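Participant:
Protein chains in written order, with the working numbering: chain A, 1 to 222; chain B, 1001 to 1222; chain C, 2001 to 2222.
1. Using a Cβ-Cβ cut-off of less than 9 Å, list which residues of the stretch 1029-1049 of chain B approach chain C; keep chain order.
2. Please decide whether residue 2207 of chain C counts as near chain B, where near means a Cβ-Cβ distance under 9 Å.
3. Taking Cβ positions only, does residue 2020 of chain C come closer than 9 Å to chain A?
4. Determine the chain C residues that contact residue 146 of chain A at a beta-carbon separation under 8 Å, and present them in chain order.
5. Buried or exposed: where does residue 1106 of chain B fall if 16 or more other Cβ atoms within 10 Å of its Cβ makes it buried?
6. Measuring only between beta-carbons, confirm whether residue 1064 of chain B sits less than 9 Å from chain A.
7. Which residues in chain C have a C-beta closer than 8 Å to the C-beta of residue 154 of chain A? List them in chain order.
8. Using the Cβ count rule (16 or more neighbours within 10 Å means buried), how would you classify residue 206 of chain A?
9. For a cutoff of 9 Å on Cβ pairs, would you count residue 2171 of chain C as touching chain B?
10. Helix, strand or coil, according to DSSP, for residue 1 of chain A in the structure here?
11. By the 8 Å beta-carbon criterion, what residues does the stretch 1120-1134 of chain B contribute toward chain A?
12. In terms of residues, what are the limits of the alpha helix (DSSP H) holding residue 2072 of chain C?
13. Quick check: residue 2228 of chain C and residue 1068 of chain B, are their CB atoms within less than 9 Å of each other?
14. Are the Cβ atoms of residue 1173 of chain B and residue 1191 of chain B separated by less than 9 Å?
15. Of all Cβ atoms in chain C, is any one closer than 9 Å to the Cβ of residue 1070 of chain B?
16. In chain A, what lies closer than 7 Å to residue 2058 of chain C by C-beta?
17. Please report the straight-line C-alpha distance between residue 2019 of chain C and residue 2072 of chain C, rounded to a whole angstrom.
18. Check whether the stretch 134-148 of chain A and the stretch 44-59 of chain A touch, using three or more Cβ-Cβ pairs below 8 Å as the test.
19. Check whether chain A comes within 9 Å of residue 1162 of chain B, counting only Cβ atoms and requiring the distance to be less than that.
20. Compute the distance between the beta-carbons of residue 132 of chain A and residue 79 of chain A, then report whether it is under 9 Å.
21. Is the stretch 1034-1044 of chain B in contact with the stretch 2148-2167 of chain C, if contact means three or more CB pairs nearer than 8 Å?
22. With the cut-off set at 9 Å, would you say residue 90 of chain A and residue 24 of chain A are in Cβ contact?
23. Could you round the C-beta distance between residue 1116 of chain B and residue 1129 of chain B to whole angstroms and report it? I think they count as a contact, below 8 Å.
24. Using a C-beta cutoff of 9 Å, does residue 1114 of chain B count as contacting chain D?
25. Expressed to the nearest angstrom, what Euclidean distance is found between the alpha-carbon atoms of residue 1060 of chain B and residue 1125 of chain B?
26. Nearest chain C C-beta to residue 1202 of chain B closer than 9 Å, yes or no?
27. Along the stretch 2081-2093 of chain C, where does the CB come closer than 9 Å to a CB of chain A? Name the residues.
28. Would you give the residue range spanned by the alpha helix (DSSP H) that residue 2014 of chain C belongs to?
29. Quick check on residue 1149 of chain B - is its C-beta less than 9 Å from some C-beta in chain A?
30. Work out the CA separation of residue 1101 of chain B and residue 1022 of chain B for me, nearest whole Å.
31. Mind reading off the beta-carbon distance from residue 170 of chain A to residue 113 of chain A? Whole number of angstroms is fine, and I expect it under 8 Å.
32. Taking residue 2120 of chain C as the reference, which of C:2017, C:2056, C:2185 and C:2043 has the closest Cα?
33. Under three-state DSSP, which class holds residue 203 of chain A?
34. Can you tell me which of the three DSSP states residue 156 of chain A falls into?
35. For a cutoff of 9 Å on Cβ pairs, would you count residue 2139 of chain C as touching chain B?
36. Closest Cβ-Cβ distance between residue 1143 of chain B and chain C: below 9 Å?
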């Protein structure tokens, strides 16, 4: 049982911050898609809680934390309200939102990996579920908004790789029995910084070979 | 244990009616999308059973009722057949279908909330899952049909709000210990009537502030 | 307990082959949609493991086999790498891939049905889940790629029907107590051959009556 990496109240606060910023990204997309106030709230909830919900259903941790902790449920509603009333201001600080989103990504890939391992999964499976925890909410967000998940698109800065690195660091720490608040904090920070660098320098992953010249850039025509 | 609000056979009949009308809405969309007969059956099943399936997986009630009660599974197939052979006639009575759909909405938000509470969830979480039970099938229907979920669109009459009110009434009744067939029946009827009024008077929810003037109305251009 | 129909290592090898070819189909769609290398890997994993994951979550077999057997997880990554480097060659042998995909379809509808029955579901529900196991990954693949699931489209050769026949044969065998490696092998082969015939002769399912003349053929305009 290694779940309490951090002081419980510190962990809980970090979780709420991550949930809040993920919810902001969902609510902003909802505004861009012209959804009404309930659509904004639904997309905020799904984006913020979807990854953890997916993980908990898969590992059999039901009812999922999203439904047992009132703070987890209410936080996205605050984010939705904020965006509803102040979305031009929130969009103007998009860069700041992206920094928080990177923090959420780093945090959730680590806590997701640890929770999956705690429920008896193997190291590789735990890392995969940590990744799913970190990116699952965003994928559900894009599916509900009827868009190609930004995770999968080649023309977006690296998003999965920082989470993969974070999850991999955690399973390495577990493997060599050195997982503690410092090493897991290091994994969080590594994923966070990698994501910031990817945004700053527009790091992208390669597409399939021979594809670059022939592909139509406009995938909506596909 | 408060699950048997109504006489079991009454409850079961109501469930089947709700499942049937939800399935009709799925099958009609499938016809409009030009799906074949199996696509019609799949969309009918998913629309009718998706919300309850989601709820049961989340609360850990597996295998879900959708897979243990043969009537739940077969009813959408009848709806699919009916629409397959008679869809112009069914579309002509769309107004009637909408009334039944409103009844299904009212019924499922109430029974979904009660079942979630029975499985140990808190009041807020139970209401949220009741809402998910009522609207989840329709969201899955629209996702599979590759459309923006009509639940999220600002240009559709209120759909979530009646279900939220119904679920909220149920948790208030639970909170004050007055849940019985009469009060829960009242919650069903309230959600039902609110949905009918929303359709009759085209009640809509607001979009984000400043958005009304600048948004392109055609979201498919988004 | 009837799960071990075949010699365990034979069964496992067959599973891996099915997973591999399903992953190829996901990876090829990802290349066509112009996804980057991580998008290719994600779509390969989801296509290959999604159907079984869905089944295991519904029947309560958590953590799902996809997360407890390392081979299940790693095989789609090999398929993704292969397509990433050699996709023109893989597309050229598309016909061969389709044959393997048909084999995966036949195999998974049978093993999915048997596993669902083993977990206590009724015969009809087991057949339905067997079908979901066989086609679920492909539906998730198309939803993530933001396309109308090819399963639902009338202009694609029959895909669900062979799986339905295979699942139905299995539940008939269970019902009459004659399920054994030979009869279940016969069900696999029947589904496999039906799918091959459907591709060879372009068998299609009918759309709703009156629809053929009036429907716009271009559903993307819908």
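Backbone N, C-alpha and C define an ideal beta-carbon position, used for all residues, glycine too.
As the structure is a prediction and not an experimental result, all values here were calculated from the model.
Facilitator: Short version:
1. 1030, 1031, 1032, 1033, 1034, 1035, 1036, 1037, 1038, 1039, 1040, 1041, 1042, 1043 and 1045
2. By 1-based counting over the third chain, the position of residue 2207 of chain C is 207. Yes, contact with chain B.
3. The residue you call residue 2020 of chain C lines up with position 20 of the third chain. Closer than 9 Å: no.
4. Against the first chain, residue 146 of chain A aligns to sequence position 146. Per Cβ cutoff of 8 Å: 2146.
5. Working through the second chain from its first residue, we reach residue 1106 of chain B at position 106. Buried: at least 16 other Cβ atoms inside 10 Å.
6. By one-based count along the second chain, residue 1064 of chain B stands at place 64. It does not; no Cβ of chain A falls within 9 Å.
7. Position 154 of the first chain holds residue 154 of chain A. Here the neighbours are 2034, 2035, 2036 and 2039.
8. One-based indexing of the first chain puts residue 206 of chain A at position 206. Its Cβ having fewer than 16 others within 10 Å, residue 206 of chain A is exposed.
9. Within the third chain, residue 2171 of chain C is the residue found at index 171, counting from 1. Residue 2171 of chain C does not count as touching chain B.
10. The residue you call residue 1 of chain A lines up with position 1 of the first chain. Low local confidence applies: a pLDDT of 49 at residue 1 of chain A is under 50, so the model's placement there is unreliable, and no value is given.
11. 1120, 1121, 1122, 1124, 1125, 1128 and 1129
12. Locating residue 2072 of chain C in the third chain gives position 72, counting from the first residue. Segment 2070-2092, the alpha helix (DSSP H) holding residue 2072 of chain C.
13. Outside the displayed span of chain C (2001 to 2222) sits residue 2228 of chain C, for which this structure offers no information.
14. Start at 1 with the first residue of the second chain, and residue 1173 of chain B comes out as number 173. Start at 1 with the first residue of the second chain, and residue 1191 of chain B comes out as number 191. For residue 1173 of chain B and residue 1191 of chain B, no; Cβs fall outside 9 Å.
15. Position 70 of the second chain, counted from the start, is the residue given in the question as residue 1070 of chain B. Yes, residue 1070 of chain B counts as interfacial toward chain C.
16. Stepping through the third chain from its first residue, residue 2058 of chain C is reached at position 58. Residues of chain A passing the Cβ test: none, with the nearest at roughly 10 Å.
17. Working through the third chain from its first residue, we reach residue 2019 of chain C at position 19. Working through the third chain from its first residue, we reach residue 2072 of chain C at position 72. C-alpha separation (whole angstroms): 7 Å.
18. yes
19. Within the second chain, the letter at position 162 stands for residue 1162 of chain B. So no, residue 1162 of chain B is outside the interface.
20. Position 132 of the first chain holds residue 132 of chain A. Position 79 of the first chain holds residue 79 of chain A. Contact: no.
21. yes
22. To locate residue 90 of chain A, count along the first chain from 1; it is residue 90. To locate residue 24 of chain A, count along the first chain from 1; it is residue 24. Yes, the pair counts as a contact, with Cβ atoms nearer than the cut-off.
23. As a first step, residue 1116 of chain B must be located in the second chain, where it is residue number 116. As a first step, residue 1129 of chain B must be located in the second chain, where it is residue number 129. Indeed they touch by this definition, with Cβ atoms about 4 Å apart.
24. Within the model displayed, chain D is absent; protein chains A, B and C are what it includes.
25. Locating residue 1060 of chain B in the second chain gives position 60, counting from the first residue. Locating residue 1125 of chain B in the second chain gives position 125, counting from the first residue. Distance between the alpha carbons of residue 1060 of chain B and residue 1125 of chain B: 14 Å.
26. Along the second chain, read from residue 1 onward, the residue named residue 1202 of chain B stands at position 202. Output row for residue 1202 of chain B: interface = no.
27. 2083, 2084, 2085, 2086, 2087 and 2088
28. Along the third chain, read from residue 1 onward, the residue named residue 2014 of chain C stands at position 14. Start and end: 2008-2032.
29. Position 149 of the second chain, counted from the start, is the residue given in the question as residue 1149 of chain B. Yes, its Cβ sits closer than 9 Å to a Cβ of chain A.
30. In the second chain, residue 1022 of chain B corresponds to position 22, counting from 1. In the second chain, residue 1101 of chain B corresponds to position 101, counting from 1. Those two C-alpha atoms are separated by around 6 Å.
31. Locating residue 170 of chain A in the first chain gives position 170, counting from the first residue. Locating residue 113 of chain A in the first chain gives position 113, counting from the first residue. Confirmed, Cβ separation roughly 4 Å.
32. Counting from one through the third chain, the residue named residue 2120 of chain C turns up at place 120. For residue 2120 of chain C, the nearest C-alpha among the options comes from C:2056.
33. The residue you call residue 203 of chain A lines up with position 203 of the first chain. DSSP places residue 203 of chain A in coil when its eight states are reduced to three.
34. Working through the first chain from its first residue, we reach residue 156 of chain A at position 156. In the structure shown, residue 156 of chain A sits in coil (DSSP, three-state: anything other than H, G, I, E or B).
35. Along the third chain, read from residue 1 onward, the residue named residue 2139 of chain C stands at position 139. Yes, contact with chain B.
36. Here the question's residue 1143 of chain B lines up with position 143 in the second chain. True, the Cβ-Cβ gap to chain C drops below 9 Å.
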